[in-house]
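Going down the list, the protein sequences come from chains A and B.
Just so you know, the first sequence maps onto residues 839 to 951 in this note's numbering.
Just so you know, the second sequence maps onto residues 9 to 120 in this note's numbering.
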Amino acid sequence: NAGVTQTPKFQVLKTGQSMTLQCAQDMNHEYMSWYRQDPGMGLRLIHYSVGAGITDQGEVPNGYNVSRSTTEDFPLRLLSAAPSQTSVYFCASSMGVMRNEQYFGPGTRLTVT
Amino acid sequence: KQEVTQIPAALSVPEGENLVLNCSFTDSAIYNLQWFRQDPGKGLTSLLLIQSSQREQTSGRLNASLDKSSGRSTLYIAASQPGDSATYLCAAGDNAGNMLTFGGGTRLMVKP
């Protein structure tokens with residue numbers, strides 16, 4: 839199993855550009871989520887999904903969209919990038935609704951200039 | 009709103025020492041409490057998961073305890089090794105089991 843994969847690893851955007859961060863898992867996990875990690879702020883939940891076709895907002899959803907058309911994939915879309923979205927983004931998955939340990943991807947480091 | 013705090017933010021110990029990392033949370037109505045390890049530039053690796061009905065979990069040299077009534081969890085590392093150097097994060101799962109709230113982490117350095 840590849841586990842949780844994220845692409846790209848690094849990305850630089852200009853303010854106002856849009857992009858999609860990809861996340862995929864091959865463990866047939868129902869629950870997937872996106873976090874951002876900022877210095878001194880810890881990890882904060884952006885959006886999560888408890889299964890295909892079901893998504894919900896986390897703590898900091900503004901400026902981000904998600905969809906879950908398949909069990910395997912959970913892409914995160916930045917609609918109009920802002921410097922405040924400069925961060926490291928992590929995708930995570932687990933079997934069931936967080937009753938089991940979370941598996942994290944390696945992260946995407948995003949810089950918005 | 010749940011708030012999770014980890015103290016200290018950084019810790020340096022000599023190899024072989026036993027140590028305790030602390031995690032506190034403000035809302036005791038949690039679903040579970042998880043401890044993670046993060047190496048520089050890497051993702052998080054789950055270490056221990058304690059369900060709300062449990063008091064502790066053990067894995068090798070690691071032991072995590074949970075006291076919901078006082079809003080505290082501790083991660084005990086026995087006989088620390090330089091390979092244990094990393095950032096350790098705790099996270100509290102909300103009562104619906106849908107969201108994790110993370111602490112800021114403790115950066116541990118174990119010196120040979």
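Beta carbons are placed, not taken as given, at the ideal position from N, Cα and C, and that holds for glycine.
| Check | Outcome |
| --- | --- |
| Residue interval of the beta strand (DSSP E) (run including residue 844 of chain A) | 842-845 |
| Alpha-carbon spacing of residue 74 of chain B relative to residue 945 of chain A, whole angstroms | 29 Å |
| Whole-Å CB distance - residue 69 of chain B paired with residue 87 of chain B, under 8 Å assumed | 6 Å |
| Short-range partners of chain B found in the stretch 918-946 of chain A, where Cβ spacing is below 8 Å | 928, 930, 935, 936, 937, 938, 939, 940, 941, 942, 943, 944 and 945 |
| Residue 92 of chain B (DSSP reduced to helix, strand or coil) | helix |
| Where the stretch 870-883 of chain A meets chain B: residues whose CB sits under 9 Å from a CB there | 871, 873, 875, 878, 879, 880, 881, 882 and 883 |
| Listed by chain order, chain A residues near residue 190 of chain B by CB distance under 8 Å | Here chain B covers residues 9 to 120 and nothing more, so residue 190 of chain B does not appear. |
| Residue 921 of chain A, DSSP secondary structure in three states | helix |
| Boundaries (first-last residue) of the beta strand (DSSP E) holding residue 114 of chain B | 114-119 |
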